[in-house]
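In our numbering, the protein residues as written are 1480 to 1718. Everything on this sheet refers to the single structure shown next.
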């Protein structure tokens, strides 16, 4: 596991400043939310940390190692997307095993690690099913198992609960926190849901127009927003 440090990060797309001199630290083992409206830069920041895109300037360090020019496959991160990105022609077990297979692990090791990951997300008996035979919550758990089975240093979640209905979303919030605490991995998740950020995270970073406008524990941001935007964006959650 490892912490993540982002220093003076900027990324432009033409004349648009997607990230504008963003600095934020994610301590080892914490659960962090990147919160903001559409176009605020939160997903761009997550993609920079993952290695799907490179910054124009600034530094990203994982475990103290500068990685801003390191390709995604060498950063040792786990990623869960909103649409889960499961392989429809593979079983649950084969989906979870994919990263280990690409890495060339022994079959016995793969089988053992896949079973461990499925146990962790409480899908032990569903390894032979295909994604279309699962509920939305179960597919989300498969995607999570696939992300953590390779024992990454950091887990990144891009609006992972956005496709679920409200009742299931609340259940999965509890499950995500349980799993994160059990394995102790640094976790950074993107959301536009204020309540989700306030209830799940150890710390929140609020972004607007590519800039970090406030960062801190949920209770601090709840009680003492530092700008009119932060107070307004939190809306009913801040009353």
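By construction, the Cβ of each residue, glycine as well, lies at the ideal position given by its N, Cα and C atoms.
To which residues does DSSP link residue 1611 through a beta bridge?
Its beta-bridge partners do not exist; DSSP assigns none.
Give me the residue from 1494, 1518, 1534 with the minimum Cα distance to residue 1670.
Looking at the Cα atoms, 1518 is the closest of the given residues.
Cβ atoms of residue 1617 and residue 1540: under 9 Å apart, would you say?
It is not a contact, given that the beta carbons lie outside the stated cut-off.
So residue 1684 packs on residue 1677, CB below 8 Å; how close in whole Å?
With 8 Å as the limit, residue 1684 and residue 1677 do not qualify as a contact, their Cβ atoms being about 13 Å apart.
For the alpha helix (DSSP H) containing residue 1477, name the first residue and the last one.
There is simply no residue 1477 to check, as the chain begins at 1480 and stops at 1718 in what is shown.
Using C-beta distances below 8 Å, list every residue in its chain close to residue 1596, excluding the 5 sequence neighbours before and after it, in chain order.
1575, 1624, 1625, 1627, 1628.
Among 1673, 1633, 1641, 1564, whose alpha-carbon lies nearest the alpha-carbon of residue 1551?
Ranking the options by Cα distance to residue 1551, first place goes to 1633.
Roughly how many angstroms lie between the CA atoms of residue 1495 and residue 1612, to the nearest whole one?
Going from the Cα of residue 1495 to the Cα of residue 1612 covers about 42 Å.
With a threshold of 8 Å on Cβ separation, who are the neighbours of residue 1599 within its own chain once the five nearest residues in sequence on each side are excluded?
Closer than 8 Å at Cβ, skipping near neighbours: 1624, 1627, 1658, 1661, 1662.
For residue 1516, which residues from the same chain have a beta carbon less than 8 Å from its beta carbon, with the 5 sequence-adjacent residues on both sides left out?
So the list reads 1671, 1687, 1712, once near-sequence residues are dropped.
Unbroken beta strand (DSSP E) runs of length 3 or more, entirely within the region 1504-1552: which are they?
Counting only runs of 3 or more, we get 1510-1514, 1536-1541.
Per DSSP, which residues does residue 1492 bridge with? Please list them.
Its beta-bridge partners are 1495.
Taking only the alpha-carbon atoms, compute the straight-line gap between residue 1602 and residue 1591 and give it to the nearest angstrom.
Cα-Cα distance, rounded: 14 Å.
By the three-class DSSP mapping on this structure, what secondary structure does residue 1711 have?
Correct three-state label for residue 1711: helix.
Is it right to say residue 1637 is buried, meaning 16 or more other beta carbons lie within 10 angstroms of its own, or is it exposed?
Classification of residue 1637: buried, given that the 10 Å Cβ count is 16 or more.
Looking only at its chain, what residues have a beta carbon closer than 8 Å to the beta carbon of residue 1705, apart from the 5 residues adjacent to it on each side?
These residues qualify, in order along the chain: 1692, 1693.
Report the three-state DSSP secondary structure of residue 1629 (helix, strand or coil).
Residue 1629 falls in the coil class under three-state DSSP.
In chain order, what residues of the same chain lie with their CB nearer than 8 Å to the CB of residue 1564, ignoring the 5 residues before and after it?
Same-chain partners within the cutoff: 1622.
If residue 1489 sits next to residue 1502, beta carbons under 8 Å apart, how far is it from one beta carbon to the other, in whole angstroms?
Actually they are not in contact, since the Cβ atoms of residue 1489 and residue 1502 sit about 11 Å apart, beyond 8 Å.
So if DSSP puts residue 1690 in a beta bridge, which residue, or which two residues, is it bridged to?
Residue 1690 pairs with 1687.
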